[in-house]
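These notes concern the structure reproduced below.
2 protein chains.
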Amino acid sequence: MRGSRDPGLGTRTRDRSVVAIIGLGLIGGSLARALRRRFPRRALIGVETNARARALARASGIFDAILPRPTETLRGCGIVVLCAPVPAILRLLGPVSRQMRDGAILTDVGGVKVPIADAARRAVRKGVSFVGAHPMFGGEQGGFAFSRPDLWNGGRVAVCIEGGERAALARVARLHRDLGARIVLCSSAEHDAAVAAVSHLPYVVANALALTARDSGALARVLAGPGFTDATRLAGFAFEVQGRAAASNRCLDKAIRLFRRHLTRLDREIRRPSGGALFDRASAIRRALVRNVAPRRRSS
Amino acid sequence: MRGSRDPGLGTRTRDRSVVAIIGLGLIGGSLARALRRRFPRRALIGVETNARARALARASGIFDAILPRPTETLRGCGIVVLCAPVPAILRLLGPVSRQMRDGAILTDVGGVKVPIADAARRAVRKGVSFVGAHPMFGGEQGGFAFSRPDLWNGGRVAVCIEGGERAALARVARLHRDLGARIVLCSSAEHDAAVAAVSHLPYVVANALALTARDSGALARVLAGPGFTDATRLAGFAFEVQGRAAASNRCLDKAIRLFRRHLTRLDREIRRPSGGALFDRASAIRRALVRNVAPRRRSS
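What follows is the structure, given as structure tokens:
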């Protein structure tokens with residue numbers, strides 16, 4: 032707790048800029064740390080069901096109030112950010128929106144956007160604007176213990192253009208931009224198609240590579256080097272976060288089908304003595320795709 | 032050129048410890064730099080067909096002689112290391128061994144060992160001992176320009192136990208150990224099975240991921256983040272090196288088949304509402320497999 036002794040936030044409760052973060056894992060915790068660093072005097076509420084994470088968050092001293100569940104305290108917030116795994120976000124949209132005041136903004140950080148946008152249309156109460164967003168970064172190691180104030184810095188955040196009103200959309204974009212992220216405006220459908228290819232498919236593939244290596248003799252463990260480590264890094268992500276998001280992505284099926292087809296083509300190509308052109312093309316495509324990733328850790 | 036003015040190496044020619052490195056790319060160049068740093072006075076011969084690479088190597092000042100092709104100068108060498116792509120290694124084994132003296136050792140750094148061991152049995156002349164080896168490291172960016180004296184430091188080198196005599200095997204292991212690498216003794220067959228799973232399959236898969244992302248809309252380029260970058264890093268490797276080695280690996284087929292099966296299982300698992308156990312298992316397997324990779328950049 033900082034500033035206020037009143038768990039109800041005292042005089043700061045009515046401040047329109049009060050932000051609540053629901054779910055204090057790596058992303059929620061890092062968002063809180065980044066906000067606290069950027070806005071030392073803004074009121075910040077954390078909501079977390081897990082007692083241990085709550086204790087860590089309390090010890091960090093960056094929150095004005097920490098609650099075990101969403102309560103009417105949310106009525107004092109201008110923005111509420113759902114930082115939970117996708118299934119929890121889907122469940123929370125309705126109940127949380129009903130605790131928020133008219134004109135407030137509800138947003139999220141879920142890794143899949145169409146199912147959340149669909150659920151929001153049905154469940155978020157009138158008077159509250161919902162805007163979906165997705166920070167395109169994170170880390171293998173989840174939990175508040177790994178949260179960092181610089182996670183937003185130089186990263187990209189997809190903000191979905193449908194749903195919310197223009198003002199709410201601008202407000203959510205500003206929230207992330209203020210913390211050093213670059214904003215990518217897109218539709219939920221565009222987001223899910225792209226993320227299926229650049230995140231959810233690679234996550235499933237990384238797991239398949241790990242299972243294959245296990246079946247390939249004891250020496251695999253000894254000879255696995257930096258190449259294997261990087262190729263399978265996504266398999267280190269928690270299923271409850273990454274797997275559930277991937278499972279909800281309706282574009283994952285198509286991405287897996289496409290991937291299988293390309294694997295077959297490459298498998299054929301590699302056997303041809305004069306083969307290689309398709310690999311060279313893939314290599315060039317990859318270079319173009321990751322060209323913009325390098326500045327990741329720099330301030331934008 | 033250093034030390035000697037005579038391209039024939041002068042008085043150092045007869046030194047049993049003269050090392051020749053054939054192929055001055057990233058690996059050959061880094062091996063030369065590491066040897067030069069560790070053994071400032073040992074004679075070092077470089078052989079490189081490419082004139083530009085030869086000029087770079089000459090400018091580095093670490094070689095006593097640089098030749099455009101293997102010549103009888105190799106007769107002065109105790110160890111000759113083939114640092115070329117796999118197809119070139121296969122071609123060079125016979126001719127190079129015929130230019131070496133009795134009792135000398137021929138070794139290589141090729142990424143696949145059974146085809147090279149088979150070819151060596153047929154092509155390497157009697158009197159020369161062949162020992163296959165494979166440094167399990169490298170880099171996306173090939174060429175002498177990217178060579179570094181610390182590449183061996185803390186890395187692993189597989190040294191194949193069949194073929195060479197005991198003394199030759201020990202000598203090749205010492206060559207790499209002296210430069211800071213840890214030695215993994217194994218058969219060529221064990222090596223190829225493991226490397227198919229931890230290197231060649233991930234290489235093909237990384238290329239397939241890149242092709243899939245290209246087909247998934249313009250937003251993929253914008254949303255590709257550090258996860259995609261790492262998952263596809265191996266696609267950045269040159270086909271002439273990594274692709275040719277993978278193509279020669281007789282275990283690649285089996286690895287691809289296994290991988291497809293695991294992908295199907297994971298695809299099924301992810302759809303089950305209570306699924307996730309197989310992903311958790313893959314994640315744990317991956318953790319165990321890469322546990323020993325971390326000390327990569329430290330001295331062993």
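First to last, the protein sequences are chains E and F. Residue numbers for the first sequence follow the numbering used here, beginning at 32 and rising by one. Residue numbers for the second sequence follow the numbering used here, beginning at 32 and rising by one. Glycine included, each C-beta is placed from N, C-alpha and C at the ideal position. As the structure is a computational prediction, the values presented were derived from the model and not from experiment.
**Request:** Give me whichever residues DSSP pairs with C217 of chain E in a beta bridge.
**Result:** Residue pairing by DSSP places C217 of chain E opposite E:C191 in a beta bridge.
**Message:** List, from N- to C-terminal side, the alpha helix (DSSP H) runs of 4 residues or more that fit wholly inside the stretch 263-327 of chain F.
**Reply:** Given a length threshold of 4 residues, each whole run of the alpha helix (DSSP H) inside the stretch 263-327 of chain F is given here in chain order: 275-279, 283-302 and 308-321.
**Asked** Does the Cβ-Cβ distance between L250 of chain F and H222 of chain E come in under 8 Å?
**Response** Yes, these two residues count as a Cβ contact at 8 Å.
**Item:** Proximity below 8 Å, CB of G54 of chain F to CB of E79 of chain F
**Value:** Yes, Cβ-Cβ distance for G54 of chain F and E79 of chain F is below 8 Å.
**Item:** Residue burial classification, D37 of chain F (beta-carbon count within 10 angstroms, cutoff 16)
**Value:** Unreliable placement is indicated for D37 of chain F, whose pLDDT of 37 sits below 50; no coordinate value is reported for it.
**Prompt:** Whose Cβ in chain E lies nearer than 8 Å to the Cβ of V226 of chain F?
**Reply:** The contacting residues are L254.
**Prompt:** So which of F:V190, F:V188 and F:A262 has the shortest CA-CA distance to V235 of chain E?
**Reply:** Residue F:A262 is the option with its Cα nearest to V235 of chain E.
**Request:** From the DSSP output, read off the bridge partner residues of H165 of chain F.
**Result:** Checking the DSSP bridge columns, you'll see H165 of chain F partnered with F:A189.
**Item:** Terminal residues of the alpha helix (DSSP H) in which L57 of chain F lies
**Value:** Note, L57 of chain F: alpha helix (DSSP H), L57 to R69.
**7 Å Cβ cut-off: residues of chain E touching P71 of chain F** = Neighbours of P71 of chain F on chain E: none; closest Cβ ~29 Å, over 7 Å.
**Prompt:** Does the distance from the CB of F175 of chain F to the CB of A74 of chain F come in under 8 Å?
**Reply:** Contact: no.
**Message:** So the candidates are F:A266, F:G163, F:I93 and F:S91; which of them puts its Cα closest to the Cα of L124 of chain F?
**Reply:** Distance check between L124 of chain F and each of F:A266, F:G163, F:I93 and F:S91 places F:G163 closest, using alpha-carbon atoms only.
**Message:** Going by C-alpha to C-alpha distance, which of F:G60, F:G185 and F:A224 sits closest to A286 of chain F?
**Reply:** With distances taken between CA atoms, A286 of chain F lies nearest to F:A224 out of F:G60, F:G185 and F:A224.
**Asked** Is any beta-carbon of chain F found at less than 8 Å from that of T243 of chain E?
**Response** Closer than 8 Å: yes.
**Request:** Using a cut-off of 7 Å between C-beta atoms, extract the partners of A266 of chain E located in chain F.
**Result:** For A266 of chain E, the C-beta contacts it makes with chain F under 7 Å involve A313, S314 and R317, in order along the chain.
**Residue span of the beta strand (DSSP E) that contains T138 of chain E, given as start and end** = Note, T138 of chain E: beta strand (DSSP E), I136 to D139.
**Request:** Kindly indicate if chain F contains any beta-carbon less than 8 Å away from that of C191 of chain E.
**Result:** No, C191 of chain E does not count as interfacial toward chain F.
**Request:** Compare the C-beta of E221 of chain F with all C-beta atoms of chain E and state if any pair is closer than 8 Å.
**Result:** Closer than 8 Å to some Cβ of chain E, the Cβ of E221 of chain F qualifies, so yes.
**Message:** In the DSSP output, what is S178 of chain E paired with across the bridge?
**Reply:** Paired residues: none, contrary to the question.
**Request:** Give the C-beta separation of E196 of chain E and S219 of chain E to the nearest angstrom, bearing in mind that I take them to be a contact with Cβ-Cβ under 8 Å.
**Result:** So it is not a contact: roughly 16 Å between Cβ atoms.
**Item:** Same chain only: Cβ atoms within 6 Å of E300 of chain F, ignoring 5 sequence neighbours per side
**Value:** Here E300 of chain F has G306 and L309 as same chain residues with Cβ atoms under 6 Å from its own Cβ, once five neighbours each way along the sequence are excluded.
**Item:** Reference D149 of chain E; option with closest CA among E:R288, E:N280 and E:A319
**Value:** For D149 of chain E, the nearest C-alpha among the options comes from E:N280.
**Asked** How would you write the range of the alpha helix (DSSP H) that I93 of chain E sits in, first residue to last?
**Response** Where I93 of chain E is concerned, there is no enclosing alpha helix (DSSP H), given that its DSSP letter is neither H nor E.
**Prompt:** So, V117 of chain E versus G142 of chain E, is the Cβ gap smaller than 8 Å?
**Reply:** Yes, the Cβ-Cβ distance between V117 of chain E and G142 of chain E is below 8 Å.
**Asked** Based on the DSSP output, what are the partners of S160 of chain E in its beta bridges?
**Response** In the DSSP assignment, S160 of chain E is bridged to E:I136.
**Message:** What would DSSP say about A51 of chain E, mapped onto helix, strand or coil?
**Reply:** In the structure shown, A51 of chain E adopts extended strand secondary structure according to DSSP, grouped into three states.
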